[in-house]
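Asks: Numbering (the numbering used here), first residue to last: 991 to 2260. Just so you know, even glycine gets a beta-carbon here, dropped at the ideal spot from N, CA and C.
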Amino acid sequence: MASSGDLFSGRGKKLYALFNNFLKGTSPVKNNQDAEHFLEATDMICRHKTPGIYVESVVSSARGIEVLSGVVRSDLGPSFLAKVMKLLVKHLADPLVKNMNNGGFLQSLLVAILHPPAFWSALLKHHQASGFALDDAETFAWLCLEIVSTKCPELETPFGDVVALMDRKALLQSTLHPVRQVAYRIEKVLSLHSVAAVVNVDHGPGGRHDNDFSDFRAISLFPTADEIRCKEIPFLQRFDDVFDGPRESRAADYLSWLFRLLREDMLAEMREDLAVAWGQKTARRKPFWLGGLSLLGFGEDSGRRHDPLVLRLKCRDGIVFPRLVGRQSRKKFLEDSKSFMRHKATGVICRGDDIVAFGSVVRNIDLLLTQPPTILIKLADVGAMQKTIDSLLKEATCDELRFFVVNTATFAYEPILQRLKEIIEIPLEDALLQPESATTRDEPPASLAPLLRKLERGLEEAKEVDLTSIAKVGKPVRISGAQLECLINGLQSRVGQIQGPPGTGKSFIGALILIIILNFTDYRVLVLSYTNHALDQFLEELMDFGVSTNDIVRLGSKSTPKTDALRLDNQFKNKEYRFSIGVHAMIKKLKAQDADVKGKLAAVGAKLAAAGIDPEDLLAMLELSGDDGPLFWTAFQVPIQEDGFRVVGKNNKPMEPGEILDIWIRGDTSPTVQALVDMMDPQCHRIWEMPVSSRSDLVAQWCSKLRRDQMDEYCDLARLATKIQQQIDSLFDETKRKVFRSKRVIGCTTTAAAMYQSILASAEPDLVLVEEAGEILEAHIVTALGPSVKKLVLIGDHKQLRPKVNSYDLTVEKGDGYNLNVSLFERLIQQGHAYTTLREQHRSHPDISHFTRRLAYEHLQDHPKTSERQKIRGLKGRVIFVHHEHQEDKLSDGGESARGESKKNLFEAKMVLKTVRYLGQQGYKSKNMVVLTPYLGQLSLLKSQLSTTHDPWLDDLDSNNLVQAGLMTEATAQLNKEPLRLSTIDNYQGEESDIVIASLTRSNDSGDIGFMAARERLVVLVSRAREGIVLFGNMNTFIKSKKGGPLWLDFFQALKEKVKDHSKVPCHVKIQKTCERGHKSNVICSATDEGCGQCAREDEKTRRRAAQDLELETLRHERQAAYARQLDKIDDDIDHCERVMAYESEDERQRKQIEDKKAKLKGLQETQKRRRVAESLKKEQLPAKQSMEGSAKDSSSRSPAQQEWEAIRSPGDLVNDALDKLMDLIGLESVKEEFLAVKSNIDTKIRQGVSLSEERLSCSLLGNPGTGRY
């Protein structure tokens, strides 16, 4: 008999068949033995296939969940509980199970096992009484971790029990190390979900309005009307409140701090938009609004997928077509002008100055062409739907209801905020939240250790290391110094931080780190970037290093031609990523449920949208309502006649209860009605005696209640439909999860990482590398870290521009301590986390990098090749500042990051135009230049001026900013024509050009330069050019600035020293110069600077002494090296002797072991030989005995053909199973004889040695296909 472990034969095969019958429902689990068989089959399938296949089979089957729930409760004794833990729960702990369907499959099984809590209570009691064995104890600890990690109301009781268990420290004090490790994770999860501590603040969270709670997870992402109206300052934690607070609550405080600040940043811009919409503020761009709204129905009136959160509204105001007559003209306008009623535009439904709900536009051209137009609004959630329906049903004319389109980019905030709510554990928590005490280095994988030793040796010896062979890099690469130090840091540190000043090759080092990780480990890597441009640039760098495109996948719709093949949309449709049969079955089942729910939704939605109330619905409500409802229902029923007669109404048709209700409402008192009332129960008479006015009031109350019931029913169904659709979408995402699990490099932006975290988690990335980390908000990086992350590499520069935020009050520049725009990269450096810096720049000519060094990077070095940059034809210098005193202009509320006014300067715009033309005359192409400016107003003006002679184009960020500021239409924004690039300084960070032309814009007498006072912005500006930079501005304005004056004065001083600030005519005036050491001398202004003579003498004396010191130091190093070499040789000899002795001992042990094994084998062979002889004698005696007993018994019942066959095979014990089975059949004598004849013929030819090559044998069976198959 086969063991139960064999899935394809014997007992295993039967168990597998029984298991499938359980799932199908054809065989119920009747008793404890059936339950044990189910568990045995579970263990067998999980071991021989995978736990994932088992889970998919159970969840997708007709009765799998029900059967599983019954099995675990069939016996609650200790021995059976141990079997459940060992044969079932242990396999559910497989990581693959949790990655399936975003954890949905595992949650379904856990709910089936733990709810109701009978099994859990018995399991907990057993644990408290006697505990578990080693494996079961680990499994129990894992189960406790999943209970506290799973957000599910059905597990509320087990959750409380686990909390009590942790309070008693039962798991923390376990003698088993694996159990304690899991207990530490449980402790972290529980502390993370505790309410954040309130430290050093005058007021705590909660109580200000209906959307203010102590637990940030309870806060709705979108504000409520009360929240917008609330004048109290919201609860916002400061940076010091988090990191100076108690460590026990730091993780919870940290997430609350990130969520509340980021949400407040979103609301700051939204409040501005709403203030403009309500007329409380003015703006250059008028808000778009729709009015005169009334309910038409629900969902899209088309063949698209029905969305229960979509409202179909009639719109009488706001949609105006520009001088277009005829449907076709209006349709063409809508098709060409996608910005008109833009799809997915965020908006808010308001009643007066009160917010009703948030939603977004669903653009449907056919509905917009109706008269009056019909619009589709998708509400944010079911709660928003309920409030909107209530408002629409209450308003008689709906004139007060309006839908305002706001410009807040909520799509950029929503996934990050939602992900912050969902975080269960913070990976690398000690390194990120306690950088002052966390270890900066991690134990690298063993496969990396030899390479790291070589790299460290090269760094210590100050040698150049060739990575081509030792690191398996796809192209020649040699690095040394700071580059080598940064590479080691990125490979060794748990959180590696690499600062890269402009042009130092940050992406190059990042690509090297990834190449080595991919070549020497089995790590999977997630590459993050804030912009698509930076992401594509990095992925292209990887491809240039030889990483196969088959190992890379890119999330997002945007790409370059080179990275387009990497996009997920171009990969997940391949055959190898298709659904499994189980997933197909689940999708089919869920779609059937979805269709049923959508049908009910359509019916309820039609009732809600109807102008009146259906009397039948009103009567149904009265029948089942409390108080006097049933009595009223009775009063409106048709009286039953005992004599067989029926009460009829109009046209002699049988009267219905609805007609009686209508008669009662109208107050009809005709004799016919009176006769009808007389036939009713006497208790109903008082109802018919009510005054008509009272009846109207009562009916109005009934109708209102019925509407509320219908609204509640619709919202309940919508909630259920949304849940089902989410499950369907998650199952469809299984193909994408398969793609991610098959790749080693995953690239995406930080926003995409938050949006697709459930899919990314299935890939279980081990390392996350962040490009341009200095310009990414901390929340964007933290939300991208999954529980599998072991290492984090941050590459950026905290001395350039910080991340962008909308609310200036939350910035570090404001000084209130919130520090929202401090990146994780900068924060860790400020807190003392170790980092390395690249020091050699490969971009700018030394004349340009001189200013970068002076402003921020004193140790920055120039690569020799930068000195070979070509001079700018037609200009005397590489850094030129053109001073003017033409005043700036203001643009009211130009949308400059929600800070009031943008600026423009017409004179500078014209000068930029002339400079571009002049450089073009010198032979420069437009693609060799870029025009930069700090302000959107000036950017718009420059675009207008340059459009006369060039085709200026803007990147996506600048286009979007101009549209929001009302300085450009969306249609124009899409006409991005090369080659001349225009950009704001902020959005050009990370890019470079041969020549930079900058318009600083600011020119006033007060010294107001706004955000140009920031050192980081000036650093970015002067570090973009490779060959030269031309700046236009008012020097006096920048020097007069109170905040930025010292910065710009230093810059202009450096400019004067470098460029001498003179015209082409040499100056012969003698001037007094003071060298850096304070030595004064008189020189001619235009003379070549030969340096200070006194300094030269001092330097010569210093050099002479240094040479002597160097000679002594060199001698010392040589002696030290000789000593080290001698010591190494002795160590090598010792090691050699020890290994020789060890090998000799090992050889002797192996020789003795082989001799013992040979002796044992010989004994076994002799025993086996004796056993075979005995069995042979037994077999020779058995056939004769059986033949004598059986021949007499069966000869009379055998057919002639069968007897002939027995005679043929008896002499030689011929074996032929096929003929045996044929002869055992009843009848078919002719067929049997034919087969025997064929066999006899073949046997004869074989004995005679005749060839069988000419023989053609076949068999055709003829019969009725209705009675058999062939």
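What does the alpha-carbon distance come out to for the pair E2245 and N2206?
Replies: Within the sequence shown, residue 2245 is the residue found at index 1255, counting from 1. Within the sequence shown, residue 2206 is the residue found at index 1216, counting from 1. Straight-line Cα distance between these residues: approximately 20 Å.
Asks: In whole angstroms, what separates the C-alpha of N1479 from that of I1785?
Replies: Residue mapping note: residue 1479 aligns to position 489 of the sequence shown, counting from 1. Residue mapping note: residue 1785 aligns to position 795 of the sequence shown, counting from 1. Going from the Cα of N1479 to the Cα of I1785 covers about 11 Å.
Asks: With a 10 Å radius around its C-beta and 16 neighbouring C-beta atoms as the bar for buried, classify I2124 as buried or exposed.
Replies: For the purposes of this step, residue 2124 is taken as residue 1134 along the sequence shown, with counting starting at 1. Exposed, because fewer than 16 other Cβ atoms sit within 10 Å of the Cβ of I2124.
Asks: To the nearest whole angstrom, what separates the beta carbons of E2006 and R1792, a pair I think is in contact under 8 Å?
Replies: Position 1016 of the sequence shown, counted from the start, is the residue given in the question as residue 2006. Position 802 of the sequence shown, counted from the start, is the residue given in the question as residue 1792. 7 Å between Cβ atoms; contact.
Asks: In angstroms with no decimal places, state the Cα-to-Cα distance between D1799 and P1195.
Replies: On the sequence shown, position 809 is the one that residue 1799 refers to. On the sequence shown, position 205 is the one that residue 1195 refers to. Cα to Cα, D1799 sits roughly 19 Å from P1195.
Asks: Quick check on the burial criterion: 16 or more other C-beta atoms within 10 angstroms. Buried or exposed for E2066?
Replies: Within the sequence shown, numbered from 1, the residue matching residue 2066 stands at position 1076. By the neighbour-count rule (16 or more Cβ atoms within 10 Å), E2066 is not buried but exposed.
Asks: Output yes or no for whether 8 Å exceeds the beta carbon distance between L1077 and L1029.
Replies: The sequence position of residue 1077 within the sequence shown is 87, counting from 1. The sequence position of residue 1029 within the sequence shown is 39, counting from 1. Contact flag set, yes.
Asks: Is the segment 1256-1274 touching the segment 1366-1380 in the sense that three or more CB pairs, one from each, lie closer than 8 Å?
Replies: The segment 1366-1380 is not in contact with the segment 1256-1274.
Asks: Let me check understanding here. Comparing Cα to Cα, which of R1863, R1971, D1584 and Y1174 lies closest to Q1911?
Replies: Along the sequence shown, one-based indexing puts residue 1911 at 921. Of the candidates R1863, R1971, D1584 and Y1174, the one whose C-alpha sits nearest the C-alpha of Q1911 is R1863.
Asks: Are R1833 and L1850 touching if we call contact CB-CB under 8 Å?
Replies: Counting from one through the sequence shown, the residue named residue 1833 turns up at place 843. Counting from one through the sequence shown, the residue named residue 1850 turns up at place 860. Result no, Cβ atoms of R1833 and L1850 do not sit closer than 8 Å.
Asks: Taking DSSP as the reference, what is the three-state secondary structure of P1405?
Replies: Taking the first residue of the sequence shown as 1, we reach residue 1405 at position 415. If DSSP states are grouped into helix, strand and coil, P1405 belongs with the helices.
Asks: Is the segment 1229-1248 touching the segment 1167-1175, taking contact as three or more C-beta pairs under 8 Å?
Replies: Flag = no, the segment 1229-1248 and the segment 1167-1175 do not touch.
Asks: First and last residue of the alpha helix (DSSP H) that includes S1134?
Replies: Locating residue 1134 in the sequence shown gives position 144, where the first residue counts as 1. At residue 1134 the sequence reads Cys, which differs from the Ser that was named. C1134 -> alpha helix (DSSP H) spans L1124 to S1139.
Asks: Let me check understanding here. Comparing Cα to Cα, which of D2137, K2147 and A1846 lies closest to D2040?
Replies: The sequence position of residue 2040 within the sequence shown is 1050, counting from 1. Selected option, being the one with the closest Cα: A1846.
Asks: Note down the Cα distance separating A1083 from Q1424, rounded to an integer number of angstroms.
Replies: Position 93 of the sequence shown, counted from the first residue, corresponds to residue 1083. Position 434 of the sequence shown, counted from the first residue, corresponds to residue 1424. Roughly 30 Å separates the two Cα atoms.
Asks: Considering only C-alpha positions, which residue in the set L1449, I1488, G1464 and V1463 is nearest to S1470?
Replies: Against the sequence shown, residue 1470 aligns to sequence position 480. That would be L1449, whose Cα lies nearest to the Cα of S1470.
Asks: Closer than 7 Å: is that where the CB of K1004 sits relative to any heavy atom of the ligand SAH?
Replies: The model depicted lacks the ligand SAH and carries no ligand whatsoever.
Asks: In chain order, what residues of the same chain have a beta carbon less than 8 Å from the beta carbon of L1324, not counting five sequence neighbours either side?
Replies: By 1-based counting over the sequence shown, the position of residue 1324 is 334. Excluding residues within five positions, the ones whose Cβ falls inside 8 Å are F1330, M1331, I1355, L1358 and L1359.
Asks: On the three-state DSSP scale, how would you describe K1322?
Replies: Walking along the sequence shown from the start, residue 1322 turns up at place 332. DSSP places K1322 in helix when its eight states are reduced to three.
Asks: Let me know the secondary structure DSSP gives K2264 once reduced to three states.
Replies: The question about residue 2264 has no answer, for the chain in this structure spans 991 to 2260.
Asks: T1662 lies in the alpha helix (DSSP H); which residues open and close that run?
Replies: On the sequence shown, position 672 is the one that residue 1662 refers to. Run containing T1662: P1661 to D1668, per the alpha helix (DSSP H) assignment.
Asks: Just to confirm my understanding: we take K1590, look at its own chain, exclude 5 residues before and 5 after, and list those with CB closer than 8 Å. What are they?
Replies: Here residue 1590 refers to the residue found at position 600 of the sequence shown. Answer for K1590: L1707, listed in chain order.
Asks: Please specify which runs of the alpha helix (DSSP H), each continuous and at least 4 residues long, are wholly inside the segment 1449-1514, giving them in chain order.
Replies: Listed in chain order, they are 1457-1460, 1471-1482 and 1496-1510.
Asks: Under a three-way DSSP split, which group does L1707 fall into?
Replies: Translated into the one-based positions of the sequence shown, residue 1707 becomes position 717. DSSP places L1707 in helix when its eight states are reduced to three.
Asks: With DSSP collapsed to three states, give me the class of V1153.
Replies: Position 163 of the sequence shown holds residue 1153. Correct three-state label for V1153: helix.
Asks: Mind listing, in chain order, the continuous beta strand (DSSP E) runs of no fewer than 3 residues lying wholly within the segment 1512-1537?
Replies: With a minimum length of 3 residues, the continuous beta strand (DSSP E) runs that stay inside the segment 1512-1537 are 1515-1519.
Asks: Can you tell me whether S1098 is helix, strand or coil according to DSSP?
Replies: Within the sequence shown, numbered from 1, the residue matching residue 1098 stands at position 108. The answer is helix: DSSP assigns S1098 an H, G or I state.
Asks: Pick from L1518, H1835 and N1540: whose alpha carbon is nearest that of G1493?
Replies: Looking up residue 1493 in the sequence shown gives position 503. Ranking the options by Cα distance to G1493, first place goes to H1835.
Asks: Going by DSSP, which residues form a beta bridge with V1352?
Replies: Residue 1352 sits at position 362 when you count from the first residue of the sequence shown. According to DSSP, which records beta bridges pairwise, V1352 is partnered with L1366.
Asks: Do V1795 and V1760 have their beta-carbon atoms positioned less than 8 Å apart in this structure?
Replies: Taking the sequence shown and counting its residues from 1, one reaches residue 1760 at position 770. Taking the sequence shown and counting its residues from 1, one reaches residue 1795 at position 805. Contact flag unset, no.
Asks: Are L1931 and K1880 closer than 8 Å when you measure CB to CB?
Replies: By one-based count along the sequence shown, residue 1931 stands at place 941. By one-based count along the sequence shown, residue 1880 stands at place 890. Not closer than 8 Å, so no.
Asks: Would you say D1380 faces chain C, with C-beta separation under 8 Å as the test?
Replies: In the displayed structure, chain C is absent; only one protein chain is listed.
Asks: Quick one: what does DSSP say S2241 is sitting in, helix, strand or coil?
Replies: Position 1251 of the sequence shown, counting from 1, holds the residue named residue 2241. Correct three-state label for S2241: coil.
Asks: For L1775, which residues in the same chain have their Cβ closer than 8 Å to its Cβ, ignoring the five residues on either side in sequence?
Replies: Counted from its first residue, the sequence shown places residue 1775 at position 785. Excluding positions up to five away in sequence, the list reads I1416, P1417, L1418, V1758 and L1782.
Asks: Please return the same chain residues whose Cβ sits closer than 7 Å to the Cβ of M1645, not counting the five positions on each side in sequence.
Replies: By 1-based counting over the sequence shown, the position of residue 1645 is 655. Here the set comprises V1628, V1637, V1638 and G1639.
Asks: Measuring only the C-alpha atoms, how far is D1837 from V2010?
Replies: Position 847 of the sequence shown, counted from the start, is the residue given in the question as residue 1837. Position 1020 of the sequence shown, counted from the start, is the residue given in the question as residue 2010. About 16 Å.
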